[in-house]
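Using our numbering, the letters of the sequence shown map in sequence onto residues 51 to 385. Note that beta-carbon positions come from the ideal geometry of N, C-alpha and C, so glycine has one too.
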Amino acid sequence: KNKKQKNSPGKNMTNNGTMSNNRNRTSQQIQTAMKKLYKPILSTIGLLSIMIERIQNLVQMVQLDDQPLLSITSSALSALAIDPAPSPATNAGYCHLIQISALEIVTTIFKRYPRHRAIVMEDLFPLMLKLPTSKKSMRTFTISNSSMPTSKLGFTPEKAVSSTSSALINGLPQNCIQIITALILHLIQCCVVMPLPITENDSPQEQPPPQCQSSNCSLPRLSSGLKDCHIISDFFTSQILQRCRGGSSSSREFRPILHNIIDDLLLVRIQPGYPAAEMLLLSLCKRLSNDLLRCSSSNIESNSPNAKSASFEPTYLAMASDIIGKICADLARNL
51 KNKKQKNSPG KNMTNNGTMS NNRNRTSQQI QTAMKKLYKP ILSTIGLLSI
101 MIERIQNLVQ MVQLDDQPLL SITSSALSAL AIDPAPSPAT NAGYCHLIQI
151 SALEIVTTIF KRYPRHRAIV MEDLFPLMLK LPTSKKSMRT FTISNSSMPT
201 SKLGFTPEKA VSSTSSALIN GLPQNCIQII TALILHLIQC CVVMPLPITE
251 NDSPQEQPPP QCQSSNCSLP RLSSGLKDCH IISDFFTSQI LQRCRGGSSS
301 SREFRPILHN IIDDLLLVRI QPGYPAAEML LLSLCKRLSN DLLRCSSSNI
351 ESNSPNAKSA SFEPTYLAMA SDIIGKICAD LARNL
């Protein structure tokens with residue numbers, strides 16, 4: 051007859067302790083190996099920043115074809131989706147520097163090559179779904195009183211780390227916004243051009259103002275230098291609101307993104323370095339109020355046979371009312 055041998059409790063405890071020690075030793079060895087692996091990689095971040103600056107100079111000075119431009123833009127936008135929160139403090143600062151350099155490259159391409167502006171704006175919306183959503187890593191772009199990127203204003207990794215621990219106003223960082231909001235503002239502002247004199251052939255039906263009808267008035271009539279800015283602002287507004295309509299899962303993802311962008315715009319609205327924030331808020335208010343009026347008029351004239359129904363989701367209408375109320379409350383508070 052075979053006798054079954056039973057293990058004693060002391061022997062089981064010894065085996066469990068040995069296995070846990072082996073696991074701890076293995077995890078320590080893995081961490082040591084990963085540190086050795088990441089150390090030479092992180093040492094190349096300075097060279098990467100220099101390379102990004104050289105690429106920006108290349109874009110500014112040399113007329114490039116479409117394929118390399120789109121490749122550079124795609125690579126620069128992908129750098130904005132990096133989450134610096136899990137990294138150590140110094141590495142997170144270097145990550146911020148790379149993101150700001152990538153922002154400058156996209157802005158330069160957007161300004162120099164108008165034919166690619168629609169493509170760049172379309173690429174922003176898939177990027178919004180990849181951005182970090184944690185409060186610690188959501189708003190990492192330090193705002194200033196100038197529209198110049200912070201890397202040109204003595205921005206260092208230490209400042210990047212300390213900027214995330216700033217005071218809060220209404221639950222938001224006082225001097226930090228999302229990197230995607232900063233990119234949108236820079237893209238709108240880089241479209242400003244010098245106003246040009248209007249000739250009679252350009253606008254034959256337009257009458258000069260009354261104060262300039264006299265013969266003593268010698269001021270030239272100038273065209274608006276903000277035409278392209280309004281086009282980009284209206285395009286972004288229409289595209290993001292179109293993605294917020296409906297009851298699909300993507301619309302439910304874009305609505306909190308829009309709320310976060312509006313919080314950033316309200317934060318920098320009175321900053322002299324970001325005049326595009328007020329333009330974008332005005333465009334959003336016009337679109338949202340138009341949708342609310344269309345929905346209200348369609349409900350009133352629903353019995354009319356020729357009435358065109360404007361169907362919107364109740365959640366979208368609630369979002370529109372909430373956004374308009376938030377903007378009006380902020381304006382009233384700063385009067």
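Handout entry: C-beta contact flag for Cys-335 and Cys-279 at 7 Å
Key = Taking the first residue of the sequence shown as 1, we reach residue 335 at position 285. Taking the first residue of the sequence shown as 1, we reach residue 279 at position 229. Taking 7 Å as the Cβ cut-off, Cys-335 and Cys-279 do not qualify as a contacting pair.
Exercise. Between the C-alpha atoms of Gly-323 and Asn-74, what's the straight-line distance to the nearest angstrom?
Worked result: For the purposes of this step, residue 323 is taken as the residue at position 273 of the sequence shown. For the purposes of this step, residue 74 is taken as the residue at position 24 of the sequence shown. Their backbone Cα atoms lie some 52 Å apart in a straight line.
Checklist entry - Could you check where the beta strand (DSSP E) with Ile-105 kicks off and where it finishes? => result Here the question's residue 105 lines up with position 55 in the sequence shown. From DSSP, Ile-105 is part of no beta strand (DSSP E) but of the alpha helix (DSSP H) over 95–111.
Q.
Rounding to the nearest angstrom, what Cα-Cα distance links Gln-106 and Ala-368 in this structure?
A. Taking the sequence shown and counting its residues from 1, the one referred to as residue 106 is at position 56. Taking the sequence shown and counting its residues from 1, the one referred to as residue 368 is at position 318. Rounded to the nearest angstrom, the two C-alpha atoms are 43 Å apart.
As an exercise, report each continuous beta strand (DSSP E) stretch of at least 3 residues that is fully enclosed by the region 120–180, in chain order. none
Q) Of the choices Ser-77, Tyr-163, Gln-81 and Ile-102, whose alpha-carbon is the least far from that of Asp-116? A) The residue you call residue 116 lines up with position 66 of the sequence shown. Ranking the options by Cα distance to Asp-116, first place goes to Tyr-163.
* To do: List the whole-angstrom C-beta distance separating Leu-181 from Ala-131, where the pair is believed to meet the contact cut-off of C-beta under 8 Å.
  => Walking along the sequence shown from the start, residue 181 turns up at place 131. Walking along the sequence shown from the start, residue 131 turns up at place 81. Contact holds; Cβ gap of about 6 Å.
Arg-189 - DSSP class collapsed to helix/strand/coil: For the purposes of this step, residue 189 is taken as the residue at position 139 of the sequence shown. Correct three-state label for Arg-189: strand.
According to DSSP, simplified to helix, strand and coil, what is Ile-227? Position 177 of the sequence shown, counting from 1, holds the residue named residue 227. Here Ile-227 sits in strand by DSSP.
Assuming Ser-273 contacts Ile-248 (C-beta within less than 8 Å), just tell me the rounded distance between them. The residue labelled residue 273 in the question sits at position 223 within the sequence shown. The residue labelled residue 248 in the question sits at position 198 within the sequence shown. At roughly 5 Å, the Cβ-Cβ gap stays under 8 Å, so Ser-273 and Ile-248 are in contact.
Fill in: For Pro-247, the three-state DSSP class (helix, strand or coil)
Along the sequence shown, read from residue 1 onward, the residue named residue 247 stands at position 197. Strand, per DSSP.
TODO: Evaluate Ser-283 with the Cβ neighbour count: other Cβ atoms within 10 Å of its Cβ, from every protein chain shown; 16 or more gives buried, anything less gives exposed.
DONE: Position 233 of the sequence shown, counting from 1, holds the residue named residue 283. Answer is buried; the Cβ neighbour count reaches 16.
- Can you round the beta-carbon distance between Thr-231 and Ile-311 to whole angstroms, since I take them to be within the 8 Å contact cut? Here residue 231 is taken as the residue at index 181 of the sequence shown, counted from 1. Here residue 311 is taken as the residue at index 261 of the sequence shown, counted from 1. Between Ile-311 and Thr-231 the Cβ distance is about 5 Å, and since that is below 8 Å, they are a contact.
Go through its chain and collect everything with a Cβ distance to Lys-161's Cβ below 6 Å, but skip five positions before and after it. Indexing the sequence shown from 1 puts residue 161 at position 111. So the qualifying residues of the chain are Cys-240.
By the 10 Å Cβ neighbour count, where 16 or more other Cβ atoms means buried, how is Cys-378 classified, buried or exposed? One-based indexing of the sequence shown puts residue 378 at position 328. Flag for Cys-378 reads exposed.
| message | Please classify Ile-80 as buried or exposed, where buried requires at least 16 neighbouring CB atoms within 10 angstroms. | response | Along the sequence shown, one-based indexing puts residue 80 at 30. So Ile-80 ends up on the exposed side.
Practice prompt. Measuring alpha carbon to alpha carbon, tell me which of Lys-185, Leu-98 and Pro-118 ends up nearest Gln-149.
Written response: As a first step, residue 149 is located in the sequence shown; it is residue number 99 there, counting from the start. Measuring from the Cα of Gln-149, the nearest candidate turns out to be Leu-98.
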